[in-house]
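Just below is one structure, and these are the notes that go with it.
2 protein chains.
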Amino acid sequence: MNAYRTYLDGNQDRYLDELLDFLRIPSISALPERAEDVARAGQWVAQRLSSAGAENVEVLPTGGHPVVYGDWLHAEGKPTILVYGHFDVQPVDPVELWTHPPFEPTVVDGRVYARGASDDKGNMLAPILAVEALLRSGGAAPVNLKFCFEGQEEIGSPQIPEFMPAHVERFASDLAVSADGGQFSETEPLLLMSLRGICGVQIDVHGASTDLHSGLHGGRIQNPIHALTQILGSLRRADGTVAVEGFYDDVAALTEVERAAIARVPFDRDEYLCEVGLDEEFGEPGYTNRERGWVRPTLEMNGIWGGFQEDGIKTVLPNAAHAKITCRLVADQDPERIIGLLEEHVAQHAPPGVRVEVNPLSIRGRPYSIAADHWGNRAAAAVLTEFYGREPYQTRSGGSIPITGVFLEQLGIDTIGFGFGIEDENYHAPDEFFRLASFRKSQRAYVRLLEELGK
Amino acid sequence: MNAYRTYLDGNQDRYLDELLDFLRIPSISALPERAEDVARAGQWVAQRLSSAGAENVEVLPTGGHPVVYGDWLHAEGKPTILVYGHFDVQPVDPVELWTHPPFEPTVVDGRVYARGASDDKGNMLAPILAVEALLRSGGAAPVNLKFCFEGQEEIGSPQIPEFMPAHVERFASDLAVSADGGQFSETEPLLLMSLRGICGVQIDVHGASTDLHSGLHGGRIQNPIHALTQILGSLRRADGTVAVEGFYDDVAALTEVERAAIARVPFDRDEYLCEVGLDEEFGEPGYTNRERGWVRPTLEMNGIWGGFQEDGIKTVLPNAAHAKITCRLVADQDPERIIGLLEEHVAQHAPPGVRVEVNPLSIRGRPYSIAADHWGNRAAAAVLTEFYGREPYQTRSGGSIPITGVFLEQLGIDTIGFGFGIEDENYHAPDEFFRLASFRKSQRAYVRLLEELGK
Numbered sequence: 111m112n113a114y115r116t117y118l119d120g121n122q123d124r125y126l127d128e129l130l131d132f133l134r135i136p137s138i139s140a141l142p143e144r145a146e147d148v149a150r151a152g153q154w155v156a157q158r159l160s161s162a163g164a165e166n167v168e169v170l171p172t173g174g175h176p177v178v179y180g181d182w183l184h185a186e187g188k189p190t191i192l193v194y195g196h197f198d199v200q201p202v203d204p205v206e207l208w209t210h211p212p213f214e215p216t217v218v219d220g221r222v223y224a225r226g227a228s229d230d231k232g233n234m235l236a237p238i239l240a241v242e243a244l245l246r247s248g249g250a251a252p253v254n255l256k257f258c259f260e261g262q263e264e265i266g267s268p269q270i271p272e273f274m275p276a277h278v279e280r281f282a283s284d285l286a287v288s289a290d291g292g293q294f295s296e297t298e299p300l301l302l303m304s305l306r307g308i309c310g311v312q313i314d315v316h317g318a319s320t321d322l323h324s325g326l327h328g329g330r331i332q333n334p335i336h337a338l339t340q341i342l343g344s345l346r347r348a349d350g351t352v353a354v355e356g357f358y359d360d361v362a363a364l365t366e367v368e369r370a371a372i373a374r375v376p377f378d379r380d381e382y383l384c385e386v387g388l389d390e391e392f393g394e395p396g397y398t399n400r401e402r403g404w405v406r407p408t409l410e411m412n413g414i415w416g417g418f419q420e421d422g423i424k425t426v427l428p429n430a431a432h433a434k435i436t437c438r439l440v441a442d443q444d445p446e447r448i449i450g451l452l453e454e455h456v457a458q459h460a461p462p463g464v465r466v467e468v469n470p471l472s473i474r475g476r477p478y479s480i481a482a483d484h485w486g487n488r489a490a491a492a493v494l495t496e497f498y499g500r501e502p503y504q505t506r507s508g509g510s511i512p513i514t515g516v517f518l519e520q521l522g523i524d525t526i527g528f529g530f531g532i533e534d535e536n537y538h539a540p541d542e543f544f545r546l547a548s549f550r551k552s553q554r555a556y557v558r559l560l561e562e563l564g565k
Numbered sequence: 111m112n113a114y115r116t117y118l119d120g121n122q123d124r125y126l127d128e129l130l131d132f133l134r135i136p137s138i139s140a141l142p143e144r145a146e147d148v149a150r151a152g153q154w155v156a157q158r159l160s161s162a163g164a165e166n167v168e169v170l171p172t173g174g175h176p177v178v179y180g181d182w183l184h185a186e187g188k189p190t191i192l193v194y195g196h197f198d199v200q201p202v203d204p205v206e207l208w209t210h211p212p213f214e215p216t217v218v219d220g221r222v223y224a225r226g227a228s229d230d231k232g233n234m235l236a237p238i239l240a241v242e243a244l245l246r247s248g249g250a251a252p253v254n255l256k257f258c259f260e261g262q263e264e265i266g267s268p269q270i271p272e273f274m275p276a277h278v279e280r281f282a283s284d285l286a287v288s289a290d291g292g293q294f295s296e297t298e299p300l301l302l303m304s305l306r307g308i309c310g311v312q313i314d315v316h317g318a319s320t321d322l323h324s325g326l327h328g329g330r331i332q333n334p335i336h337a338l339t340q341i342l343g344s345l346r347r348a349d350g351t352v353a354v355e356g357f358y359d360d361v362a363a364l365t366e367v368e369r370a371a372i373a374r375v376p377f378d379r380d381e382y383l384c385e386v387g388l389d390e391e392f393g394e395p396g397y398t399n400r401e402r403g404w405v406r407p408t409l410e411m412n413g414i415w416g417g418f419q420e421d422g423i424k425t426v427l428p429n430a431a432h433a434k435i436t437c438r439l440v441a442d443q444d445p446e447r448i449i450g451l452l453e454e455h456v457a458q459h460a461p462p463g464v465r466v467e468v469n470p471l472s473i474r475g476r477p478y479s480i481a482a483d484h485w486g487n488r489a490a491a492a493v494l495t496e497f498y499g500r501e502p503y504q505t506r507s508g509g510s511i512p513i514t515g516v517f518l519e520q521l522g523i524d525t526i527g528f529g530f531g532i533e534d535e536n537y538h539a540p541d542e543f544f545r546l547a548s549f550r551k552s553q554r555a556y557v558r559l560l561e562e563l564g565k
C-alpha cells in the first residue's frame, strides 16, 4: 500500500472530528450578523492549511468576507494547480424543517447532517487532507499547489472580481480545480462541462406613508402587494418562459451534438419528481427537464413579503411589498445586461399609484464552460474511471460558481470540477448532509488527481 | 347646569386615568397569544359597567373572545336601547413605526396615542361614563339600557352569529347604538348610512417537499411564488376592477339620488393624498373616490409571504407561498357566495405543478344600511346639530361592523352609529390616537342622545 493511503487510513477518526468542528461554525455569508463567523471559518481553514504543510498561508481581506491563500511550490518543472473551495454556507431557514440543528453536526447511518456538510465544507476539506497525507507521508506533492478558499461563494462572490486583479501574481497557476461540486451518484462519476451564470434584483414597491385600514382606504389607492404581483406576473409567461424583452437575445442555440450529449446522461423523471415531492415537472416548452436545468436560462422568485403575515386576520392595506429574484444565465448572456433588461421591464410594467424600485443584488456571475478533452478533464476522467470502474458522464450544472469566470478572465486559467457531493444531499435546503464514504473517497481521489496532473 | 354635567365635569381626571388603564391592556384579538389579554379587557369592561350602575353584568363565553352584557331596565314605557362597542384592538405591526409604544398610552397636545385609543376603547367608554353620570347624579336614565361589548370585532366577530341565537331574549331591544364610529371632522358631524360587508380567504400554494437550490432545480419545476403571483394577478385587472367572475352580480346599482347625496359630502382630493402620502389615487374607473371607498366592493391583498425574506441573498426555490385577501362588500353581496366565487376563480386559475388551497378567513359580515329618516337617526341628528351647530352629513363607511348584520337578522333591530372618532386618527395603523376633546364631548352627547331617544 502506498504511504499516503496508510497515512489517510490512520487519521480518519481525527479527520471526521475536524470536519465536525468546521461544520459547527455558522459561517452564513448572506447574513450580516454572521460576518464574524465567516471570518472565524476562514481562520480555521488557514490554520488547517498550515498544519497540513502548506506554506505562506494568509487570510486576505477583500472588503467583504475574506479569501484564504496558501501554497506549496517545490515540484520543479511541474504544473501549478490552484485548488478552490469555499468555507461559507447558505442560510438555514426554514430552520424548523431540520431534523437536527443545522450547526450541531450529527452522524447518522454513515452521513453527517449539517449546513455546509456537502456544500462545501466536506468537499473543500478533502484536498487539504490529501495534501497533508502526501507531505507528511512522502515529503512532497507531485505538482506545485496554490490554494484559494473563499468566504463569499454563497452570495455570488461580490468582492472577488475587484479583489483578484491585485493578486494576479499570487494566484498565477496553470489550472484551477474546484472542490465545490459533485458526482453523478454513489457509483457513477461525472465531468462538469458547464455552469450557469447568475444575477438578481430586489423589487421594492412603496405605497402610502403608513399601513392603512383596508375598509377606509381599500378601493381608493393602489395596493403595493397587488402592484408587485402584477409586476412579477409580467416577468414570466404561464408556460414558464421569461417574458422580459431581450432576455433570450444572447442565448447560444443548442447544437444537436450538445443535445445528444445531454440526452446520454441518465434521467429518471419519476425518481426526480419523487425526490422533490411533486406530481409533475414544469418548465419551458420544447426542452427536456435536463436541458431546462442545465443549459436554459431561468428567472426564479426567491422570496416575497409584504403586509400582515401572521396567524389570524389584520384588515390592512399595506404600504410596501418586496420580492427577491435571481436569474440563472447561459452562454452568452451577460449578468449586467440582464440586470438592465430587468430594470427596463419593471419600469415599463410598474402600475400607477405606487413607487417602484429595482435594486440589483450583489450576486453576479458569468456562465462558464470547458471542453471535455481539456487536459485537466482528461486527468480527472482517468482518476474517476479508476475509482468508479466506469467512465464519467459529461454533465452540466444549473448552479453557479462565479469565481470560475474570474479565474478565466483574470488568471487566464480554466477550472475543472472535482468534488464528491451527490445531488440528493439537500444543498441549500433543510437536512443537508454529506456521505462519509464520499468524504473518505475524496481524499484518496485528490491524491491521485494531483499525481495524474503531474504526469 | 344639569346635574349630569356637573358630575361629568367633576370626574374628567379620573375618567382619563381609567381610559389610560383600559388602553394599557394589549387586547389584540387577531393574535392567539393575546387571548388572555382580550379576556382581561372584557373583565375590565364588566367591572367598569358595574361601577357605573349597570345591573346583571356578565362576561358571556362565545367559544372565542367573550361578550360583556349589562343592563339597566327601570325606565318603564320607554324604548330599550342596546349600546354596542368593542374592547379588542388591531395588531400593532409594523411596531417600529410607532412614536410611542402602542400599549403605553401617551398624552401629547390634547391627544392620547395608543392602539385602540379611537377604535374603539375611547369611543366605547363614553356611553358607560354617560350612563354613570345619569345614574349617579339623577338616579335614572331616560331609556331602558342594555349593553353589548364584544372582544372580536377586529377579527370579524366570527363567533357572534352562533352566539346570538342563544341570547336573543337577553339582548332583545328596540334599537342598537354603535359607539364604534366617528364624526366627519372636529367641527362637522355625520350620520352613518351604510357600512360595507366583509369576507376573506388565505391562499396557500405548496410546491416541493422542501425549499430547493434555485440553480439545481430552477426552470425544472413550478415556483410557488410565481404560481401565487399569477393567481393574485388574475384576481384584479390593471384598472383596479375585480376580475373574479360573478363578483359584481349582486351589487345594487347606485341611484342618481344616492350619488348626489354622496357628492354633497365634502372631499378634498389633495388633502386626502397628502394624508396618505401618495401622489395619485387609484381605483375603479367610472366612480368617484368617495364612491369607490363607500359603495363599491373591493378585493385587497392584506399580506403576502414566501421564501427568503431577510437581508442578503439566498438562492432558494421556495416550497410554499401564501397570501391573505379580504373583500369589502356592498348591498346585496353575500359573504358566503363571494367566498365561493373566490374558491372557484382560484381553482380555475391555479397554474400546474403546485397544490393550491383556498382557506376562508373567519371574518364574515354582510353589508349594512339604514335610512336617513329612521327614528334613531332623527334623534342622533338632533343631538349632533345641537353640539356642532350644523346638520350632520349623510355619509357612509367603507369599513365593516359585522355585528350590525347579526342585530338586524337575529334581534330584528337597526343600528345607528354614534361615535366620535375622526378619520385622521390612524385606526389600524401606527400612531393611532383619540382627541381628548372628543372623549369629553362624547360623554355629554351620549347623555343627550339617550334623552332624545326617550322622547
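If you're matching them up, the sequences are chains A and B in order. Residues in the first sequence are numbered from 111 upward in steps of one, following my numbering. Residues in the second sequence are numbered from 111 upward in steps of one, following my numbering. Glycine included, every Cβ here is placed at the ideal spot set by N, Cα and C.
#1: If contacts are defined as beta-carbon pairs under 8 Å, then Val493/B and Tyr114/B qualify, I think. What distance do you get, rounded to the angstrom?
#2: Under 7 Å between beta-carbons, which chain B residues line up against Glu90/A? List them in chain order, please.
#3: Taking the alpha-carbon positions, what's the Gly450/A to Ala457/A distance?
#4: Taking its Cβ as the centre, do 16 or more other Cβ atoms sit within 10 Å of Thr339/A, making it buried, or is it exposed?
#5: Classify Arg124/B: buried if its beta carbon has 16 or more other beta carbons within 10 angstroms, exposed otherwise.
#6: How many Å lie between Gly291/A and Pro212/B at the Cα?
#7: Taking the straight line between their C-alpha atoms, what separation do you get for Asn233/B and Gly174/B?
#8: Within this structure, are the beta carbons of Ala460/A and Ile335/A separated by less than 8 Å?
#9: Is Thr505/B near Phe294/B, with beta carbons less than 8 Å apart?
#10: Return no unless some Cβ of chain A is closer than 8 Å to the Cβ of Lys434/B.
#11: Determine, using beta carbons only, whether Met411/B and Ala430/B come nearer to each other than 8 Å.
#12: Does the beta carbon of Asn166/B sit closer than 8 Å to a beta carbon anywhere in chain A?
#13: Indicate whether the contact test is met: 3 or more Cβ pairs, each with one atom in the region 146-157 of chain A and one in the region 252-262 of chain A, closer than 8 Å.
#14: Among His538/A, Met303/A, Leu192/A, which residue has its Cα nearest to the Cα of Ala491/A?
#15: At a CB-CB cut-off below 7 Å, which residues of chain A make contact with Glu410/B?
#16: In chain order, which continuous runs of the alpha helix (DSSP H) of length 4 or greater are located wholly inside the region 370-416 of chain A?
#17: Less than 8 Å between CB atoms is the rule here; does His538/A satisfy it with respect to chain B?
#18: Mind listing, in chain order, the continuous beta strand (DSSP E) runs of no fewer than 3 residues lying wholly within the region 426-469 of chain A?
#19: Helix, strand or coil for Ser344/B? Go by DSSP, reduced to three states.
#20: Between which two residues does the alpha helix (DSSP H) holding Gln312/A run?
#21: Which residues in chain B have a C-beta closer than 7 Å to the C-beta of Trp415/A? List them in chain order.
#22: Taking the alpha-carbon of Cys309/A as reference, which of Gly475/A, Gly248/A, Val278/A has the nearest alpha-carbon?
#23: Measuring straight from C-alpha to C-alpha, what distance separates Glu381/B and Leu130/B?
#24: If contacts are defined as beta-carbon pairs under 8 Å, then Phe497/B and Lys565/B qualify, I think. What distance do you get, rounded to the angstrom?
#25: By Cβ distance, which residues of its chain are closer than 8 Å to Asp181/A, with the 5 residues on each side in sequence left out?
#26: Taking 8 Å as the CB-CB limit, is Arg474/B close to chain A?
#27: By DSSP, does Lys424/B sit in helix, in strand, or in coil?
#28: Strictly under 8 Å for the Cβ-Cβ distance: is Thr351/B near chain A by that measure?
#29: So, at 6 Å on beta carbons, what are the nonlocal neighbours of Ser247/B in its own chain, with the 5 sequence-adjacent residues on each side left out?
#30: Would you check if the distance between the CB atom of Asp541/A and the CB atom of Thr297/A is smaller than 8 Å?
#31: Starting from Ser288/B, find everything on chain A with Cβ-Cβ shorter than 7 Å and list it in chain order.
#32: Which residues of chain B have a Cβ atom closer than 7 Å to the Cβ of Thr339/A, listed in chain order?
#33: From Pro237/A, Val178/A, Val177/A, pick the residue whose C-alpha is nearest to that of Leu559/A; which is it?
#34: Compare the Cα-Cα distances from Glu467/A to each of Gln312/A, Ile523/A, Glu535/A, Gln419/A and report the closest residue.
#35: Nearest to Ala140/A by CA position, among Ala140/B, Asp421/B, Glu390/B, is which residue?
#36: Run through the region 135-207 of chain A for me and flag every whole alpha helix (DSSP H) of 4 or more residues, listed as ranges in chain order.
On the basis of the data shown:
#1: Contact between Val493/B and Tyr114/B does not hold, since their C-beta atoms are separated by about 14 Å, which reaches or exceeds 8 Å.
#2: Here chain A has residues from 111 to 565 only, and residue 90/A is not among them.
#3: 11 Å
#4: buried
#5: exposed
#6: 51 Å
#7: 23 Å
#8: For Ala460/A and Ile335/A, no; Cβs fall outside 8 Å.
#9: For the 8 Å CB-CB criterion, Thr505/B and Phe294/B form a contact.
#10: Lys434/B counts as touching chain A.
#11: no
#12: no
#13: yes
#14: Met303/A
#15: Ser324, Gly328, Asn333, Leu427
#16: 379-386, 399-404
#17: yes
#18: 430-439
#19: Residue state, collapsed to three classes: helix.
#20: Not the alpha helix (DSSP H): Gln312/A falls in the beta strand (DSSP E), residues 307-316.
#21: Ile414, Trp415, Gln419
#22: Gly475/A
#23: 31 Å
#24: Wrong, their Cβ atoms sit about 17 Å apart, outside the cutoff.
#25: Ala164, Glu165, Asn166, Asn254, Leu255, Lys256, Phe257
#26: no
#27: coil
#28: no
#29: Ala113, Tyr114, Tyr117
#30: no
#31: None at all; the shortest Cβ gap to chain A is about 14 Å.
#32: Chain-order list of chain B residues neighbouring Thr339/A: Thr339, Leu342, Gly343, by C-beta distance under 7 Å.
#33: Pro237/A
#34: Gln312/A
#35: Asp421/B
#36: 145-162
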